[in-house]
Amino acid sequence: MTNKTVAVIGGGPAGLMAAEVLSREGVRVEVYDAMPTVGRKFLMAGKGGMNITHSEPLATFVSRYGARSGNIAPMLDAFGPDALRAWVQGLGINTFIGSSGRVFPDDMKAAPLLRAWLHRLREAGVKFHMKHRWCGWEGGDLCFESPDGPVLAQSDAVVLALGGGSWARLGSDGAWVQHLTSRGVAVAPLKPANCGFEVNWSAYFVGKFAGEPMKSVTVSFMDSTGVLHTKQGDLMVTEHGIEGGLIYALSAPLREQILAAGSAIVHIDLLPAKSLSRLVGEIDHPRGSRSMSSHLQSRANLKGVKVGLLREQLPPEDFDQPEKLAAAIKSLPLTLLATRPLDEAISSAGGVTFEALDERLMVRALPGVFCAGEMLDWEAPTGGYLLTACFASGQRAGEGVLAWMKQDARC
11 MTNKTVAVIG GGPAGLMAAE VLSREGVRVE VYDAMPTVGR KFLMAGKGGM NITHSEPLAT
71 FVSRYGARSG NIAPMLDAFG PDALRAWVQG LGINTFIGSS GRVFPDDMKA APLLRAWLHR
131 LREAGVKFHM KHRWCGWEGG DLCFESPDGP VLAQSDAVVL ALGGGSWARL GSDGAWVQHL
191 TSRGVAVAPL KPANCGFEVN WSAYFVGKFA GEPMKSVTVS FMDSTGVLHT KQGDLMVTEH
251 GIEGGLIYAL SAPLREQILA AGSAIVHIDL LPAKSLSRLV GEIDHPRGSR SMSSHLQSRA
311 NLKGVKVGLL REQLPPEDFD QPEKLAAAIK SLPLTLLATR PLDEAISSAG GVTFEALDER
371 LMVRALPGVF CAGEMLDWEA PTGGYLLTAC FASGQRAGEG VLAWMKQDAR C
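If you read the sequence shown in the numbering used here, its first letter stands for residue 11, the second for the next number, and so on.
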C-alpha cells in the first residue's frame, strides 16, 4: 500500500500505535499533533512510575472496563497485557511486575520507551507535523491551524486519536467534539473519571489538613441501584475535598450518583484492622488527665488527620460516648457534593460512542475515518488499564484502516 497515505491526528499512545501498524505495511503515515512534541500526557503519566499494564488474569482485567467491557474485550484479545509487554520488550525495554501486580519498565520511566518508539517510527518513514491543531474538514480536506497559518491536507484515510477532555495543557481538550457532532457522529458528553470530589470543609480543617494523606482506610458507598462498593487503600485530603487512588477507584459510581441525586454519601472506616467491640473497649479505658486526642492515639493508634476528620464531622458530645465514637471511627459518613473539574481529572468518560463505530472502529457516518484511544466512550481505573486500552484500540484502528483500504481497492 505504498501509494496510500493515512493521516493520524493525535500523537498519544493510541495514535502512535495506529501509525506503527500502518507503517509496517508500507503505508505513508503523517502524524499531526497540536503540541510541540508528541506523547505529553504519556510522559506526565510516567512521572510517578510508568505503569504500563497489569498482570492479573485477563478475565479480571477486562472486567475493569465496566459497562464497556464487551466493547474493549475483542481489542484486548488481539493486543492485551501480555502482547503489550512483549511489544515493550521489542523496543529494548524490560519490564517487571510490582507487588501490586502492576507492570512497569525496569527504570520506571516513560521517556526512554517513547524515545525508542519514535526512533522506530521515523525509521519506518512516519512523518510528524507538530503544532498542527485539527479544526475539522474543509470540503474533503483536513484542516489544521499551524504556526504558519491554515494548512489543508489530503489522505486516503484518517485515524483520530485526540484524547479525552482532561489535562488540556497537554493536548487533551475535547475540542474535537464539535467537529464530529456537526457531522452527525454520536458523542457521549465528556465527564471526569479517576477524579477528586468536593467536600464542604471548614476553613480550620483545610488550613490544618489540606495535603495530608489518610493511610489504610476503607471507603464504602451504596449506589442508587443498591450495589455496595467497598475499597481499601489511601486517600488524600485536599483544599476542596478528597482524591487519591482509593477515591479514583470509586469515581465512576460516585460521579453517576452525584449526577442523579446531587450528592453522594460515603462511609469511611478509619481503622479497618480493628473490630467495633475492640475499639469500644480501647476508647472506654480511663484516660485520666490526658486529652481525647492523646487518648485516641495511645489506646487506638488514631491520630493526625483521622482525628481531625472525626472532629470535623462529629458533634463534641459524641467524643464523650465511647460507643458512638467507636461507631463513627468504623463508619464515618462524608457527603461528596461534586466532582472536581474535568480538566483536573486523570482521564475522562464519554466520547465517541461504540454504536457510532463499526467493529473496525470506523465511524459509520464518515467512511475512512477511524477513532481510537480515550476519545472513545469508555473508562477504566488507574493501574495500567487506561494505557492498555489506548494501545489496543490504536492497534485495532490501524488494522481497521488496512482492512478498509484493501476492501476499497477491491471495489
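Idealized CB from N, CA, C, for every residue including glycine.
7 angstroms Cβ cutoff met for residue i and residue j
| i | j | result |
| --- | --- | --- |
| Ser403 | Ala382 | yes |
| Thr363 | Ser165 | no |
| Met85 | Gly181 | no |
| Ala29 | Leu131 | yes |
| Ala355 | Ala203 | yes |
| Gly49 | Leu68 | no |
| Val315 | Val229 | no |
| Leu245 | Met224 | yes |
| Arg321 | Leu371 | no |
| Arg265 | Thr349 | yes |
| Ile62 | Ala399 | no |
| Gly360 | Leu200 | yes |
| Val290 | Ser303 | no |
Start and end residues, alpha helix (DSSP H) containing residue i
| i | result |
| --- | --- |
| Pro91 | Pro91 to Gly100 |
| Pro84 | Ser79 to Ala88 |
| Trp425 | There is simply no residue 425 to check, as the chain begins at 11 and stops at 421 in what is shown. |
| Met60 | Unbroken run through Met60: none, as it is neither H nor E. |
| Arg374 | Arg374 -> no alpha helix (DSSP H), and no H or E assigned at all. |
| Ala28 | Pro23 to Arg34 |
| Glu266 | Ser261 to Ala271 |
| Arg38 | Arg38 -> not in any alpha helix (DSSP H); beta strand (DSSP E) instead, spanning Arg38 to Tyr42. |
Residue i versus residue j: straight-line alpha-carbon distance, rounded
| i | j | result |
| --- | --- | --- |
| Trp97 | Phe401 | 10 angstroms |
| Gly243 | Glu148 | 50 angstroms |
| Phe215 | Met385 | 38 angstroms |
| Asp368 | Pro377 | 10 angstroms |
| Arg107 | His64 | A small correction: the amino acid at residue 107 is Ile; Arg does not occupy that position in the sequence shown. Taking the straight line from one Cα to the other gives about 8 angstroms. |
| Ile103 | Arg125 | 11 angstroms |
| Thr235 | Ala77 | 15 angstroms |
| Glu409 | Thr105 | 26 angstroms |
| Gly25 | Ala93 | 18 angstroms |
| Ala375 | Ser79 | 24 angstroms |
| Leu397 | Val411 | 21 angstroms |
| Trp177 | Ala366 | 25 angstroms |
| Pro122 | Ser226 | 34 angstroms |
| Ser109 | Arg95 | 17 angstroms |
| Gly394 | Thr47 | 23 angstroms |
| Gly21 | Leu269 | 32 angstroms |
| Lys119 | Asp328 | 49 angstroms |
| Cys421 | Ala167 | Reliability of the predicted coordinates at Cys421 is poor, the pLDDT of 49 falling under 50, and no value is obtained from them. |
| Asp116 | Gln99 | 11 angstroms |
| Ser287 | Ser301 | 22 angstroms |
Limits of the beta strand (DSSP E) - the one that residue i falls within
| i | result |
| --- | --- |
| Asp116 | Segment: none, Asp116 is in no beta strand (DSSP E) and carries neither H nor E. |
| Ile103 | Looking at the DSSP string, Ile103 is not in any beta strand (DSSP E), and its letter there is neither H nor E. |
| Asp151 | Asp151 to Ser156 |
| His305 | No beta strand (DSSP E) contains His305, which is instead part of the alpha helix (DSSP H) from Met302 to Ala310. |
| Asp244 | Leu238 to Val247 |
| Asp294 | Run containing Asp294: none in the beta strand (DSSP E); it sits in the alpha helix (DSSP H), Leu286 to Asp294. |
| Lys141 | Per DSSP, Lys141 belongs to no beta strand (DSSP E) and is neither H nor E. |
Cβ-heavy atom distance, residue i to the ligand SAM, below 6 angstroms
| i | result |
| --- | --- |
| His295 | Among the components of this structure there are no ligands whatsoever, and the ligand SAM is therefore not found. |
Exposure of residue i, with buried meaning 16 or more beta-carbon neighbours within 10 Å
| i | result |
| --- | --- |
| Phe219 | buried |
| Pro160 | exposed |
| Phe114 | buried |
| Ile19 | buried |
| Lys416 | exposed |
| Ser192 | exposed |
| Gln188 | exposed |
| Asp387 | buried |
| His295 | exposed |
| His129 | exposed |
| Pro391 | buried |
| Gly174 | buried |
| Asp43 | buried |
| Arg74 | buried |
| message | Counting beta carbon pairs with one atom in the stretch 29-36 and one in the stretch 126-140, are three or more of them shorter than 8 angstroms? | response | Taking 8 angstroms as the limit for Cβ pairs, the verdict is that the stretch 29-36 does touch the stretch 126-140.
| message | Whether or not the stretch 249-258 and the stretch 267-275 are in contact is what I'm after, with contact meaning three or more pairs of Cβ atoms, one per stretch, closer than 8 angstroms; do they touch? | response | Touching, no.
| With contact counted as at least three CB pairs below 8 angstroms, one residue from each stretch, are the stretch 57-65 and the stretch 198-211 in contact? | Flag = no, the stretch 57-65 and the stretch 198-211 do not touch.
| query | Using 8 angstroms as the threshold, is the stretch 302-322 in touch with the stretch 254-269, meaning 3 or more CB pairs across them? | reply | Fewer than three Cβ pairs drawn from the stretch 302-322 and the stretch 254-269 lie within less than 8 angstroms of each other, which leaves the two stretches out of contact.
| request: State whether the stretch 177-192 contacts the stretch 322-337, with contact taken as three or more CB pairs (one from each stretch) at a distance under 8 angstroms. | output: No, they do not touch.
| query | Does the pairing of the stretch 280-289 with the stretch 335-353 give three or more beta-carbon distances under 8 angstroms? | reply | These segments touch.
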